[in-house]
Structures are given as C-alpha cells and as structure tokens.
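> One structure is given below, represented as structure tokens, and several questions about it will come after.
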Amino acid sequence: MKKNFYSLLYNRRMWRQIAVNVACAVFSCVSLVSCIGEEYPADDTPMDNFEALWRLMDEHYCFFEYKKSTIGVDWDEVHARYRAKITARMNERQLFEVLCQMLAELKDGHVNLSAGFDVGRNWSYHEDYPENFDEAVARSYLGTDYSIASGLKYRILEDNIGYVRCESFSDGIGDGNLSYMLSDLALCDGLIVDVRNNGGGELTTAHKLAARFTNEKCLTGYICHKKGKGRSDFSAPKPEYIEPAEGLRWQKPTVVLTNRRCYSATNDFVKCMHAFPGVTLLGDKTGGGSGMPFTQEIPHGWSVRYSAVVCYDRDMQHTEFGIAPDTLVLMADDDVLRRRDTLIEAARALLRERGNNMACGHIAELE
Amino acid sequence: MIAMSDLSLSIYSLRGLTMAIVLWSVHCCMMAQEGVCDVDTVVTECSLQEGLVGTLEGGRTGCGVMQPCMWDNPLVSTHSTMFGVGAANVLDTYLSPYSYTGPEVRIVRETGRPTKLMRGRVSNQTLVDVNASYLENRSGTAHEWAGGIRYSIGWHYLFYASGSFSLRGGLLASGYIGGVYNTRNGNNPAQAKADVTVDVSALAMYVLSVARTRIVLRYQLNVPFLGAAFSPNYGQSYYEIFSRGDYDRNVVFVYPGNMPSMRHLFTADIPVGHGMTALRVGYSGQFNQAVLNGLRYHSYSHNFMFGFVKRFKRL
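Right, dumping it as structure tokens:
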C-alpha cells in the first residue's frame, strides 16, 4: 500500500493531467462570466437622464427615511410626478429645470445638479430665514488691527473678551497657528467664536479647531454609510470622538455664535462644541447639512452632488435640519442701524456674567 | 458577486473559452502522443552561435524539437522592455456610473530565467507592468486619470514540446497598486486600487521560420483565480477609512466570481544581429474587472507594444 502511494505521488502524468484540468476549469469559469459594464440608462435623452438621476439618488442618497418622516418626501411618488413632465422634445434648459425641481423636493443644501450654465440648488435652509449677521457691523468689531492665524481673524475686545471670526473651514488650520492665537488670547475672561455665515469645508479642519476646547476625549456623535442600494442599507453607526489637542487648549467660558447659514462642516463643528462643558451656543438655529456629499453624473454630463454619509449627534439624533442654540438671540434691526451686533453684545454680556460668577466662586473658596 | 444568469458571450468571454479549448486540445494531444515524444527528456545545451535556435533531443525515441535558446538553455536569461500605446476604457461606479475612455501608455519589463527545477523544465518569470491613462466621459464634461503598477513573479512548467511549438503553464504571484482620479468629484474624487492575487498562467511559444530568420511567437495568458483586494464599502467615504480608521469589509477575498479578469500578451521576437538581441513587437490586452461591495469596476485596455529583448549568458 505504501509502495502504491509513493508511485501515485510521483506520477508526473497524473499531475500534468490535474494541472491542465484545473487550468481549463479556471479559464472556462472566467469565460462564462460576462463583462462588468454600466448598469444605468446611458442614452443622452431627456427620459434616460431623468431615470438615471432618479435611480442614482434612489440607490445612493442617505436621508430618504428621515425625509419621509419629517417633510413627507416619498421618492417613488416623486418619480411618478416628475416623469410626467419629461418629454422627448424638451431642450436641455427645460430638462435642467425639471430635474432641479425634483431634487429640490429633498430640501437638502448638499444636493445639487451642476451644468455649464447653472447650479441647481435648494438653499431654503437659510433663504427662508433672517440672516442675523451683518458683514460690515461684524467687521467693525474686528477693526483694522486684528490678527490673522491660518485664516482665523481675532482680537481682544475692550472688555477683555476675545473675539475669533472663522469664515470658512475650506482651508486647513495649522496647529502652531492655533497655539499662537490661544496664547495671545490667554488673559481674556471669555472667548467668542463667530462661525456665522460659515458654509462649511473640511471636517478635519472643523474638528481640529474643536479639539482646542476640550480636555478629555469626548463623544460628539455617530457616523454611518450606505452599504447597499436599498434605502435602509446602512452600516452600524460608529461613534465619533474628539480628542483634546496636544497644544494650548482654551479653559474659560466660550460662546459660539450661529445663524442659519452655518452649514455642513460648520454644523458639525457646532455639534462638537455643544458636547463640551463651558460652551454656549448663541444665536439662531444652524442650517444643518449633516450628510457628507458625494458626486456622480448623468448621461448628459451634468454632475450630481448628494448626501451620502450620515452624521448623527451624540444622542443619535439627526442634525440634518440644524442644531438649536442654547440661547436664541436674533439681530435687532435698530442695532444694525447703530452698527451694533446684537449677537456679539449678548455674547459679551453672557461671558461677563460667567466671568463674574467664576470670580465670586473663587472668592468664596478662598474665604 | 456576478449573477450567473448573465451568460452573454462577449468577445471577452470568447477569448477565455478559446484558451480553454486550446488547453484541453493540447492536453488530449499529449495523452495521444504518450511515449512518442515524451517530455521527460534531457535538455541539451543550446549553442549561442545558432541564435535563437536550439535543439532538444528526445530520449528513448530520438525525436528532436526546436526550442528557443532563451527558454531552454539553463545558461541564458532574457530581459525585455516594451513600451506600449493604446486605449483604455475604465468604469468605476464609486466615481461615476459611466465609462471613461481615452489614450493609455504602458511599460512592461520582463525577465525570464530557466531553473534547474524538475530537470530544467521549470522557468521563472517576473513582470513589471506600469500603465497610465487620461480619460474622458462621453459628453466631454469630465476627466479621469487612471494608472498603476503591477508586479508579478512566477514559474512555468514545460508541459509539452513538439516541433516548433511548446506549451507551459504555471502560477504567478501578482500584486497591483494604482488608482483612478476624477478631476470633478468632491468627497469621492479618487478610488484606490490594490490587490494581491495568485494567477493561473499559460504560455505558448512557436518558432516561425521566415526567410532564414526564426521569429519567436509568444502568447501568454494570466488569469487571477484567488487573492485579496482593497475596496471601500458601497457608500463609505475615504474619510471614514483613513481619517477615522473605520474598517467595513475593506479587504475582500477575490476569485473569478467577483474578479473575472484576464491579461493577454502576444509578442513576436525578431532577431537582430547575432541573435542575442531581438526586436519585440506585440499586443497587450488587459481586461480587469471586479464587483466588490456592490461597486462595479472594469479597466479594458488594448496596447500596441514594441521593445527589445536581450539575452545574457549566466557565468
């Protein structure tokens, strides 16, 4: 039996036969599988463009269930309603208008259809509300002798309150710049971080700034993505934390000024700051925009932007339609005429009061 | 996973089927000629002065076959460099649901070396394949850059040799790294491509005598049959993977069911001078496909290749 086993093992003819059979099997398996090609309608006709856009959103957009429960959007009903508006003879401007109207049903500032002649959008998240921000008035608080660190503009106001204006998170912020800024503001009694009209930018930049306002690892929210074409196919939410920055960190009371134009990464920054002790949100509700947008396209070549990744707050609640402030303060018209920013003044008063309370507390401890 | 109901015979499928039929036919021929030209013969030393021609004398039956020196002479290794120009068609549904097409350039560096394994019937091959393409969508409104580098190393066993024809088969270990970048997209501008696979490889050679010149025709087919590849999940952002370290099935086991790919290389070596150098012209056809985590990908490229082959005597 042992002799038979070894003769089998060293039978070259048998091994050649096995090898050729395996190779033929592999090549045959591959040959039976067809090409992996496009799945979407590809003809550049109004109907194909409509169907491609609707299906693209259907399989990739991440807020259908939420939008259905909050604003009553039924994407299948939208398909039937807008399909009736598509005709073979419509020109590209007409097609663009109909497709943009369809996308506007979602009331999502991260959903856009971009053509060479226009960008379809729904900005009702701020257009339907007062702005609560006047650029000229805000600039008067900075004056002309403010400092600039990585795009952040800051100065110390007359009552020893620090004021930082952050207009965008599109550009990176250097760690050294942040440390210099906080060092310059170290003797202030409180800090105002003004992110009004900040439309967003890089999430990593927003988180880098937020990390200067906490001394411990802090749960700030959850994130999940789609893992399939179904409207409910999501991954398990993963917790998001902000870890304290290694450089200088702010230890005193902070007020973050917000308005309806705080969107996307700024909304996420406000969400993170809201999780930290000693931080107060003051102003109007933010615009929202908690979905991280991806880009695709339709046959005509127009690009489509849509919310693809969902970010929740630390209580697993959506912030897609904004974060409410701790203290609601709206800009008074007569304040604007007097070149007075109602929100900044309210923040200063709040910080002075907090500062006095802290001083009283210290005096009580000493006694 | 690809639906097996999708059985339309495309040109791509016909190539694979043809190769399978050829292999099976050769196998039958081998079985029919058992004992007539037994491959278990001793390889004689190839005379370098004879250029590309060498002799392989049969054993008990005394039949002789013509073999290129570069593959059967244990003293000779071959090195070739080829440059290619052609066209590519790339689809990556993480970036766009539609294919992008455009020109491609390719460089292939190959080294072939006989070994002493199994009495000289095993040869070693390394392949370095670099490609780059600039692509455009159908409407001309967006562009993509695609490219990468593949390194393969493997061994081929001489299964059959008769007359001027020889057939080898073996396995290659192959690793690829590259990517596709869309110049217009926002948070999903690029898709990284990386895989490590074991490829089944077949290599057929034929020495063609034309006007006292021996041209070596060579056809090689590599088919990956198992390995691992990187892929984001269906709607997962690279921010989640690399900035946050959130893993979600990003390394996927691949096999012909979800990565049905083929890489063809057809070349003709035309000797120059005394035969240690040859001009190599040919065709490279790469059909790389994958459906991983619901994301569809293909990269079809056709390149006209030209270059040179040099043989070196090992001391």
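Sequences listed follow chains A and B, in order.
Residue numbering for the first sequence follows this note's numbering, beginning at 1 and increasing consecutively.
Residue numbering for the second sequence follows this note's numbering, beginning at 1001 and increasing consecutively.
Idealized CB from N, CA, C, for every residue including glycine.
1. Return no unless some Cβ of chain B is closer than 8 Å to the Cβ of tyrosine 312 of chain A.
2. Using DSSP's beta-bridge definition, name the partner residues of asparagine 91 of chain A.
3. Using the C-alpha atoms, what's the distance from lysine 217 of chain A back to proline 244 of chain A?
4. If the cut is a Cβ gap below 9 Å, which residues of chain A does tyrosine 1100 of chain B touch?
5. Against chain B, with Cβ distances strictly below 8 Å, would cysteine 262 of chain A count as a contact?
6. Taking C-beta to C-beta, are valine 1200 of chain B and alanine 1173 of chain B nearer than 8 Å?
7. Could one say the Cβ of glutamate 1240 of chain B lies closer than 8 Å to chain C's Cβ atoms, at least one of them?
8. Since valine 195 of chain A and cysteine 224 of chain A should fall inside the 8 Å C-beta cutoff, what is the C-beta to C-beta distance between them, to a whole number of angstroms?
9. In chain A, which residues lie with their C-beta within 9 Å of the C-beta of histidine 1298 of chain B?
10. In terms of residue numbering, what span does the alpha helix (DSSP H) encompassing histidine 79 of chain A cover?
11. Roughly how many angstroms separate the alpha carbons of glutamate 353 of chain A and tyrosine 263 of chain A, rounded to a whole number?
12. What three-state label does DSSP hand threonine 342 of chain A in the structure shown?
13. Which chain B residues are close to serine 235 of chain A, counting only those with a beta carbon under 8 Å from its beta carbon?
14. Can you confirm whether phenylalanine 1308 of chain B, when its beta carbon is compared against all beta carbons of chain A, has any partner nearer than 8 Å?
15. Note down, in chain order, every chain A residue with its Cβ under 7 Å from the Cβ of threonine 1197 of chain B.
16. Whose Cβ in chain A lies nearer than 8 Å to the Cβ of serine 1096 of chain B?
17. If I follow the unbroken alpha helix (DSSP H) through alanine 265 of chain A, where does it start and stop?
18. Output the boundary residues of the beta strand (DSSP E) element that contains arginine 305 of chain A.
19. Closer than 9 Å, Cβ to Cβ, to anything on chain B: give me those residues from the segment 274-305 of chain A, in chain order.
20. Do we get a CB-CB distance below 8 Å when we pair asparagine 1185 of chain B with the residues of chain A?
21. Under three-state DSSP, which class holds aspartate 58 of chain A?
22. So the candidates are A:Leu203, A:Pro299 and A:Ala84; which of them puts its Cα closest to the Cα of alanine 1142 of chain B?
23. In chain A, what lies closer than 7 Å to threonine 1141 of chain B by C-beta?
24. I need the DSSP call for lysine 153 of chain A, collapsed to helix, strand or coil.
25. Mind listing which residues of the segment 203-217 of chain A have their C-beta closer than 7 Å to chain B's C-betas, in chain order?
26. Please compile the residues from chain A whose C-beta is within a distance smaller than 9 Å of the C-beta of valine 1291 of chain B.
27. So with Cβ pairs under 8 Å, would you call alanine 308 of chain A a contact of chain B?
28. Look at the alpha carbon of alanine 1088 of chain B and the alpha carbon of arginine 55 of chain A, and state the distance between them as a whole number of angstroms.
29. Quick one: give me the first and last residue of the beta strand (DSSP E) that threonine 1101 of chain B is part of.
30. Is it right to say isoleucine 71 of chain A is buried, meaning 16 or more other beta carbons lie within 10 angstroms of its own, or is it exposed?
31. Let's see if you can read the secondary structure: which residues bound the alpha helix (DSSP H) around tyrosine 1206 of chain B?
32. Does any residue of chain A bring its CB to less than 8 Å from the CB of glycine 1282 of chain B?
33. Under 8 Å between beta-carbons, which chain B residues line up against tyrosine 40 of chain A? List them in chain order, please.
34. Taking 6 Å as the limit between beta carbons, can you name the residues of its chain near threonine 1126 of chain B, skipping five residues before and five after?
35. Using the DSSP secondary-structure output, state which residues sit across from lysine 1310 of chain B in a beta bridge.
36. Could you pull the DSSP bridge partners for tyrosine 241 of chain A from this structure?
Checking against the coordinates, here is how it stands:
1. no
2. Paired residue(s): none; asparagine 91 of chain A is not in a bridge.
3. 6 Å
4. Simply none; closest approach about 10 Å.
5. no
6. no
7. Absent here is chain C; the protein component of the structure consists of chains A and B.
8. Actually they are not in contact, since the Cβ atoms of valine 195 of chain A and cysteine 224 of chain A sit about 25 Å apart, beyond 8 Å.
9. Cys35, Ile36 and Gly37
10. 75-83
11. 30 Å
12. helix
13. Asn1233, Gln1236 and Asp1248
14. By this cut-off, phenylalanine 1308 of chain B is not an interface position.
15. None at all; the shortest Cβ gap to chain A is about 12 Å.
16. Gln296 and Glu297
17. 265-274
18. 303-313
19. Met292, Pro293, Phe294, Thr295, Gln296, Glu297, Ile298, Pro299, His300, Gly301, Trp302, Ser303 and Arg305
20. For asparagine 1185 of chain B, the answer is yes, since a Cβ of chain A falls inside 8 Å of its Cβ.
21. helix
22. A:Pro299
23. Those within 7 Å of threonine 1141 of chain B in chain A are Gly301.
24. strand
25. The segment 203-217 of chain A vs chain B, Cβ under 7 Å: Leu203 and Thr204.
26. Ile36
27. yes
28. If I take the Cα positions, the gap works out to 27 Å.
29. Where threonine 1101 of chain B is concerned, the enclosing beta strand (DSSP E) stretches over 1100-1114.
30. exposed
31. Per DSSP, tyrosine 1206 of chain B belongs to no alpha helix (DSSP H); it is in the beta strand (DSSP E), 1190-1210.
32. No, glycine 1282 of chain B lies away from the interface with chain A (no Cβ there is under 8 Å from its Cβ).
33. Pro1097 and Tyr1098
34. In its chain, beyond the 5 residues on either side, Thr1111 and Ile1153 have a beta carbon closer than 6 Å to the beta carbon of threonine 1126 of chain B.
35. B:His1079 and B:Thr1277
36. A:Leu219
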